[in-house]
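See below for the structure under consideration.
Residue numbers (the numbering used here): 2 to 426.
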């Protein structure tokens, strides 16, 4: 075995959501400014037990591969269950979700091993300016953090705190900086983005903020939204969905279930019919729109009939991009105390939901064959259409560019393309 060289710059391993991806870049800047070298930062997720297991596994692997490196664990799992990482001898430092965004945290001495304060005390979302995203073609814009709702299955408010919004001016400054560095596509990220603005002066809505952002940064070519609550879309956002070509025709629904009783037991804000109404209105205003959704399989007390209702909704609404999670009990949440569905049934229901989503995606991709699409290049030979369809090309392109292609075929999971002549797509 050869000599293991120290890491010249901090290595960051990111789990979970796009907000974590954004915050990893903030930490990269802070760690480098603090002169931190030979360090590995693990930005954890707490949404499921599996996510936490993967973080612990990453810690052990990092120590094996870099026995002399400083290992720092942060993120939602570190915030909600810091003791599980404190008990790991491989871990040198634990930072909470407030502390990870403060530059001074990365210069702390070994004596201050655990820095995890009360996340509910967080009142602001700092406007961190970052220059780019390592290895990524699209940029993430943090517009909001935290959540004021307490869904019965969810631990995330205890990892992120209450909802707080980034002022519009700070969002615009970040977008201008990133477009200046060549980014053409942006994704608005947060924990509950449809709650945007409730805590700001004048209470601007998500739609109002998007309208002002697009007007202030005309060089922004593409804007995407992360998960939307289907009953919290404001009038300004509906108008943008209908009229703004820079807002991409791909909407991701924070669905969680398609049965009313399950939704009530989850303490969600919508019911089954609200999702149908949301999908119908979006398609009426923007016929080309494509949907994705997050959904939990096997929530406590879910019967076969309730599971079928969720499956029917996926089929009838033609939801193509499915994020399916078998229910994972999070200690301290109300759902963890409810009667549990056996694990094998959860997995079987998750498989049924994924199969329905795969069928919808295959049908959608088939509809693109023969059309011309504009594609954001993610690496030399792959990218995504405006509808977020995955594309593989038969030529080499430059990552981050938006190019016109003609769709020539599909394998049901992605489409294949050649370069098109029309540059106005």
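Ideal placement from N, C-alpha and C gives every residue a C-beta, glycine not left out.
Item to check | Residue environment, residue 285, which counts as buried when at least 16 other CB atoms sit within 10 Å | outcome: Translated into positions along the chain shown, residue 285 becomes position 284. Label assigned to residue 285: exposed.
Checklist entry - Rounded C-beta distance between residue 378 and residue 399? I'm assuming under 8 angstroms. => result Residue 378 sits at position 377 when you count from the first residue of the chain shown. Residue 399 sits at position 398 when you count from the first residue of the chain shown. Confirmed, Cβ separation roughly 6 angstroms.
Checklist entry - Of the choices 300, 368, 349, whose alpha-carbon is the least far from that of residue 337? => result Position 336 of the chain shown holds residue 337. The shortest Cα separation from residue 337 among 300, 368, 349 belongs to 300.
Checklist entry - Exposed or buried, what is residue 418 when buried is set at 16 or more other beta-carbons lying within 10 Å of its beta-carbon? => result Position 417 of the chain shown holds residue 418. Buried, by the Cβ-count rule.
Next on the checklist: Rounded to whole angstroms, what is the Cα-Cα separation between residue 410 and residue 20?
Outcome noted: Mapped onto the chain shown, residue 410 falls at position 409. Mapped onto the chain shown, residue 20 falls at position 19. Straight through space, the alpha carbons of residue 20 and residue 410 are spaced by roughly 34 angstroms.
Checklist entry - Between residue 147 and residue 165, what straight-line distance do the alpha-carbon atoms span, to the nearest angstrom? => result The residue you call residue 147 lines up with position 146 of the chain shown. The residue you call residue 165 lines up with position 164 of the chain shown. Taking the straight line joining both Cα atoms gives about 6 angstroms.
Item to check | Sub-8 angstroms separation of residue 211 and residue 238 beta-carbons | outcome: Position 210 of the chain shown, counted from the first residue, corresponds to residue 211. Position 237 of the chain shown, counted from the first residue, corresponds to residue 238. Their beta carbons are under 8 angstroms apart, which means residue 211 touches residue 238 by this criterion.
Checklist entry - Looking only at DSSP bridge pairs, what is residue 115 linked to? => result Taking the first residue of the chain shown as position 1, residue 115 is located at position 114. 95, per the DSSP bridge assignment.
Checklist entry - Are there three or more Cβ pairs, one per stretch, closer than 8 angstroms when the stretch 156 to 176 is compared with the stretch 192 to 201? => result yes
Item to check | Secondary structure of residue 225, DSSP reduced to three states | outcome: Residue 225 sits at position 224 when you count from the first residue of the chain shown. Of the three classes helix, strand and coil, the one that applies to residue 225 here is strand, per DSSP.
Next on the checklist: Please report the straight-line C-alpha distance between residue 2 and residue 92, rounded to a whole angstrom.
Outcome noted: Translated into the one-based positions of the chain shown, residue 2 becomes position 1. Translated into the one-based positions of the chain shown, residue 92 becomes position 91. Per-residue confidence for residue 2 stands at a pLDDT of 45, beneath the threshold of 50, marking its modelled position as unreliable; no derived number is given.
Item to check | Residues sharing a beta bridge with residue 71, DSSP | outcome: Numbered from its first residue, the chain shown carries residue 71 at position 70. Answer is 40.
Next on the checklist: Less than 8 angstroms between the beta carbons of residue 253 and residue 294, yes or no?
Outcome noted: To locate residue 253, count along the chain shown from 1; it is residue 252. To locate residue 294, count along the chain shown from 1; it is residue 293. Yes. Within cutoff.
Next on the checklist: Under 8 angstroms: do the stretch 155 to 162 and the stretch 242 to 250 share three or more Cβ pairs, one atom per stretch?
Outcome noted: no
Item to check | Nearest-angstrom Cβ-Cβ length linking residue 321 and residue 291, presumed shorter than 8 angstroms | outcome: Here residue 321 refers to the residue found at position 320 of the chain shown. Here residue 291 refers to the residue found at position 290 of the chain shown. Between residue 291 and residue 321 the Cβ distance is about 6 angstroms, and since that is below 8 angstroms, they are a contact.
Checklist entry - Taking the C-alpha atoms as reference points, what is the distance between residue 430 and residue 138? => result Only positions 2 to 426 of the chain appear in this structure, which leaves residue 430 out of reach.
Checklist entry - Under a Cβ-count criterion, where at least 16 other Cβ atoms within 10 Å of its own Cβ denotes burial, should residue 26 be classed as buried or exposed? => result Your numbering for residue 26 matches position 25 in the chain shown. With 16 or more Cβ atoms within 10 Å of its Cβ, residue 26 is classed as buried.
Item to check | Within the stretch 169 to 254, ranges of the beta strand (DSSP E) (whole runs, at least 3 residues) | outcome: List check, beta strand (DSSP E) in window: 186 to 190, 223 to 226.
Next on the checklist: Between which two residues does the beta strand (DSSP E) holding residue 322 run?
Outcome noted: Taking the chain shown and counting its residues from 1, the one referred to as residue 322 is at position 321. 320 to 327 is the span of the beta strand (DSSP E), which, as asked, contains residue 322.
Checklist entry - Based on the DSSP output, what are the partners of residue 378 in its beta bridges? => result The count along the chain shown starts at 1 and reaches residue 378 at position 377. Residue 378 is bridged to 384.
Checklist entry - Can you name, in chain order, every residue of its own chain whose Cβ lies under 7 angstroms from the Cβ of residue 413, other than the five neighbours on each side? => result What you label residue 413 is simply residue 412 of the chain shown in a count that begins at 1. Excluding residues within five positions, the ones whose Cβ falls inside 7 angstroms are 363, 366.
Next on the checklist: Nearest by alpha-carbon distance to residue 264: which of 343, 283, 230 is it?
Outcome noted: On the chain shown, residue 264 is found 263 positions in, with the first residue counted as 1. Out of 343, 283, 230, 230 has the C-alpha closest to the C-alpha of residue 264.
Checklist entry - How should residue 390 be labelled, buried or exposed, when 16 other C-beta atoms within 10 angstroms of its C-beta is the threshold for buried? => result Walking along the chain shown from the start, residue 390 turns up at place 389. Label assigned to residue 390: buried.
Checklist entry - Would you say residue 22 and residue 141 are within 8 angstroms of each other, going by their C-beta atoms? => result Counting from one through the chain shown, the residue named residue 22 turns up at place 21. Counting from one through the chain shown, the residue named residue 141 turns up at place 140. Yes, Cβ-Cβ distance for residue 22 and residue 141 is below 8 angstroms.
Next on the checklist: Looking at the secondary structure, which residues open and close the beta strand (DSSP E) in which residue 15 lies?
Outcome noted: Along the chain shown, one-based indexing puts residue 15 at 14. Under the DSSP assignment, residue 15 falls in the beta strand (DSSP E) whose first and last residues are 12 to 15.
Checklist entry - Expressed to the nearest angstrom, what Euclidean distance is found between the alpha-carbon atoms of residue 152 and residue 267? => result Locating residue 152 in the chain shown gives position 151, where the first residue counts as 1. Locating residue 267 in the chain shown gives position 266, where the first residue counts as 1. Cα-Cα distance, rounded: 5 angstroms.
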